[in-house]
DNA sequence: CCCCTGTCCGTACGCTGTACGGTGCAGCGT
DNA sequence: ACGCTGCACCGTACAGCGTACGGACAGGGG
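Residue numbers (this note's numbering), protein chains in the order written: chain A, 3 to 225; chain B, 3 to 225.
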């Protein structure tokens with residue numbers, strides 16, 4: 003059987019997925035087209051369909067490629083809070099490198115098993131801290147939603163034009179109907195992204211988690 | 003000038019936007035097509051472009067129509083925590099009626115000034131509770147990200163097929179590489195949406211907000 | 001009556017994802 | 001050395017998308 007040596011002919015699932023991921027990160031989700039990707043690879047459009055059944059399958063593979071870049075060394079010490087924060091910050095860093103991931107995740111949940119690499123460390127920390135499985139899952143979910151949501155709804159990727167549009171909309175709000183918002187366009191604009199904003203919210207959530215963790219460790223020491 | 007009475011001929015910006023919103027809510031974002039919307043209205047496709055310069059402008063108008071459905075009676079008493087929770091739950095209810103809103107928001111921030119109707123009450127509560135403007139904005143932003151993120155990443159709208167895919171992926175994870183996750187497929191699946199999950203996270207975040215509010219009210223009483 | 005203005009829409013263009021079927025080369029049996 | 005077979009590649013085609021252009025047609029003012 004002529005197995006395994008056909009990759010000498012340049013193309014393969016891995017290469018295509020990586021090229022798709024690059025394109026995604028550089029130009030955004032809507033810019034990734036089968037034709038444009040094929041051009042970039044110096045291939046014909048339909049060649050890609052020899053490796054992936056559909057565009058969706060290709061996108062899944064690109065997600066898998068991005069996720070494989072993430073590795074977490076589990077042995078950093080410190081409090082549960084510090085370790086959770088470090089982990090979530092690491093996830094965010096990865097998402098900043100691959101900004102297309104949250105958008106893809108919004109359309110369809112992770113199909114790639116490798117995607118669980120991201121959540122495993124945090125789940126483990128919570129279980130080790132005494133959270134019962136269901137609450138650990140719920141707690142992790144809050145962090146998950148916040149970290150991904152910050153990427154998607156925090157406009158780190160806003161056009162200058164969009165920024166101007168928001169500012170303009172804020173300025174012409176009637177003061178009497180929006181007394182709170184109309185007075186603070188600058189604060190609102192500042193709150194819409196950036197590392198300071200992310201850290202503020204992360205710490206706020208970690209406060210809540212820490213309080214619950216204290217309850218659990220107290221309960222287990224009673225036993 | 004023949005101004006104002008042309009709506010007698012059935013069509014108008016308002017009707018079109020409302021029809022678009024219905025279509026969005028019933029069939030999802032990707033199902034809304036200029037052609038299909040025109041058919042539904044009994045009009046030609048290009049007629050719509052007489053009322054909206056582009057599909058994007060139409061989508062913005064649909065967002066505006068959805069947001070106008072939301073009214074908040076500001077006078078409910080109770081603690082800051084209770085009022086914030088009631089408000090965020092009301093927002094979530096509106097989003098459940100119009101599930102397309104978070105997806106639209108993910109692609110482009112709110113251009114409709116009316117969208118600020120949603121955030122005004124919460125901002126006001128935070129300012130009244132003594133939060134300085136910048137921190138109020140940051141705090142609100144955390145709630146905002148969580149509420150929208152819960153809609154988008156919580157799979158309230160998951161296909162049964164997708165659900166099965168996740169479950170299958172979870173079941174064939176190698177236990178040695180994912181010791182935490184592989185043991186709790188059911189808990190994880192349960193954590194991915196639903197009102198219980200949402201309330202858990204909302205209360206967790208409100209804990210953090212309440213702690214900060216206590217600090218602010220203490221500071222203001224010192225003065 | 002005619003013309004003018006404004007609403008409506010048929011047609012067309014360039015784009016998308018993808019099905020189908022052909023082309024050309026690598027490797028093999030003889 | 002030769003012909004066959006299988007497979008990687010891709011040219012072409014089709015339905016559907018957003019939307020530009022220009023024509024059809026109705027209603028009101030001269």
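For glycine and all other residues, C-beta sits at the position ideal for the given N, C-alpha and C.
| field | Closer than 9 Å at the beta carbon, the chain A residues around residue 18 (chain B) | value | Those within 9 Å of residue 18 (chain B) in chain A number zero; the least Cβ separation is about 22 Å.
| Using 7 Å as the limit for Cβ to Cβ distance, is residue 81 (chain A) near chain B? | no
| task | Within its chain, find whatever has a CB closer than 6 Å to the CB of residue 264 (chain B); leave out the 5 residues flanking it on each side and keep chain order. | result | Shown here, chain B extends from 3 to 225; a query on residue 264 (chain B) therefore has no answer.
| said: Assuming contact is defined by CB atoms lying nearer than 7 Å, are residue 211 (chain A) and residue 141 (chain A) in contact in what I supplied? | reply: yes
| message | Rounded to whole angstroms, what is the Cα-Cα separation between residue 26 (chain B) and residue 156 (chain B)? | response | 19 Å
| message | Would residue 54 (chain B) pass as an interface residue toward chain A - the criterion being a Cβ-Cβ separation below 7 Å? | response | no
| field | Beta-carbon proximity of residue 93 (chain A) to residue 129 (chain A), cut-off 7 Å | value | no
| field | Residue environment, residue 198 (chain B), which counts as buried when at least 16 other CB atoms sit within 10 Å | value | exposed
| message | Which same chain residues end up closer than 7 Å to residue 76 (chain A) when comparing Cβ atoms and leaving out the 5 residues on each side of it in sequence? | response | 123
| said: On the CB-based measure, 16 or more other CB atoms within 10 Å of its CB, does residue 99 (chain B) come out buried or exposed? | reply: exposed
| message | Against chain A, with Cβ distances strictly below 7 Å, would residue 201 (chain B) count as a contact? | response | no
| query | Taking the alpha helix (DSSP H) that residue 145 (chain A) falls in, what are its first and last residues? | reply | 135 to 155
| message | Do residue 136 (chain A) and residue 136 (chain B) count as a contact pair if the criterion is CB distance below 7 Å? | response | no
| query | Where does residue 174 (chain B) land, buried or exposed, given buried means 16+ other C-beta within 10 angstroms? | reply | exposed
| request: Could you work out which residues of chain B lie near residue 70 (chain A), taking near to mean beta carbons separated by less than 9 Å? | output: In chain order: nothing, as chain B lies at least about 13 Å away.
| Taking three-plus beta-carbon pairs below 8 Å as touching, is the segment 144 to 155 of chain B in contact with the segment 166 to 185 of chain B? | no
| message | Run through chain A and tell me which residues come within less than 9 Å of residue 171 (chain B), C-beta to C-beta. | response | 112, 113, 114, 115, 117, 118
| said: Assuming residue 101 (chain A) is part of the alpha helix (DSSP H), what are its boundary residues? | reply: Where residue 101 (chain A) is concerned, there is no enclosing alpha helix (DSSP H), given that its DSSP letter is neither H nor E.
| field | Neighbourhood of residue 116 (chain B) by C-beta, 7 Å cutoff - its chain only, sequence neighbours within 5 removed | value | 66, 69, 70
| field | Residue environment, residue 7 (chain B), which counts as buried when at least 16 other CB atoms sit within 10 Å | value | Summary for residue 7 (chain B): the model assigns pLDDT 29, below 50, so the residue's position carries little reliability; its value from the coordinates is reported in the next sentence. Exposed: under 16 other Cβ atoms inside 10 Å.
| How would you write the range of the alpha helix (DSSP H) that residue 118 (chain A) sits in, first residue to last? | 118 to 130
| message | What does the Cβ neighbour count give for residue 209 (chain A), buried or exposed, with the cut at 16 atoms within 10 Å? | response | buried
| Exposed or buried, residue 193 (chain B), counting other C-beta atoms within 10 Å across all chains shown (16 or more means buried)? | buried
| query | So is residue 34 (chain B) in contact with chain A if we call contact Cβ pairs under 7 Å? | reply | no
| task | Determine the burial state of residue 14 (chain B): buried for a count of at least 16 other Cβ atoms within 10 Å of its Cβ, exposed for fewer. | result | exposed
| residue 18 (chain A) and residue 53 (chain A): beta carbons closer than 7 Å? | yes
| Under 7 Å between C-beta atoms of residue 82 (chain B) and residue 220 (chain B) | no
| Cβ-Cβ separation, residue 218 (chain B) to residue 132 (chain B) (assumed contact under 8 Å), whole Å | 4 Å
| field | Buried or exposed by the 16-neighbour rule on C-beta atoms within 10 Å, applied to residue 152 (chain B) | value | buried
| field | CB contact flag (residue 104 (chain A), residue 154 (chain A), <7 Å) | value | yes
| task | Ignore the nearest five residues each way along the sequence and tell me which others in residue 88 (chain A)'s own chain have a CB closer than 7 Å to its CB. | result | 78
| Does DSSP put residue 179 (chain A) in a helix, a strand or coil? | coil
| Beta-carbon neighbours of residue 155 (chain B), restricted to chain A and to distances below 9 Å | 104, 107, 108, 111, 143, 146, 147, 150, 151, 154
| Since residue 180 (chain B) meets chain A, which of its residues come closer than 7 Å, beta carbon to beta carbon? | 118, 122
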